[in-house]
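Colleague:
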Amino acid sequence: MEFTKLVAELFAVDPASVRDTDTPAMLPGWTSLKHMELVATLEEAYAVRFSVAEIKSFTSVGNIRAVLEKKGVRAVLDGEEMPS
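This is the structure in structure tokens:
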């Protein structure tokens, strides 16, 4: 699933409203529990693992996107589906 759609689905918002500048204070429902659900969802969806430091850096949608890019998840971030 494309990153923005995944974030939007998890936080029950319109994908068109998700911005890289969005923080937990800006997205309804982004609690500490939802944060860990987001981590688990991303790890499963993109077959990656995050370090504690990376998880702590997830202070905005853009920061999460940057970590995923460093892990080579670029195609999904650009709106393409992951190959099966």
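Just so you know, our numbering puts 587 at position 66 of the sequence shown, and the rest follows in order with no gaps.
Note that beta-carbon positions come from the ideal geometry of N, C-alpha and C, so glycine has one too.
1) Suppose the cutoff is 6 angstroms on Cβ atoms and the five residues either side in sequence are ignored; what does the same chain contact list for F579 look like?
2) By how many angstroms is the C-alpha of G593 removed from the C-alpha of L531?
3) Specify, as a first and last residue, the run of the alpha helix (DSSP H) that R586 falls within.
4) Helix or strand or just coil, what does DSSP make of V594?
5) When you compare the CB positions of V528 and V582, do they come within less than 8 angstroms of one another, or not?
Modeller: Quick look at the numbers:
1) So the list reads I585, once near-sequence residues are dropped.
2) So the alpha carbons of these two residues sit roughly 22 angstroms apart.
3) Where R586 is concerned, the enclosing alpha helix (DSSP H) stretches over V582 to K591.
4) Residue state, collapsed to three classes: coil.
5) Yes, the pair counts as a contact, with Cβ atoms nearer than the cut-off.
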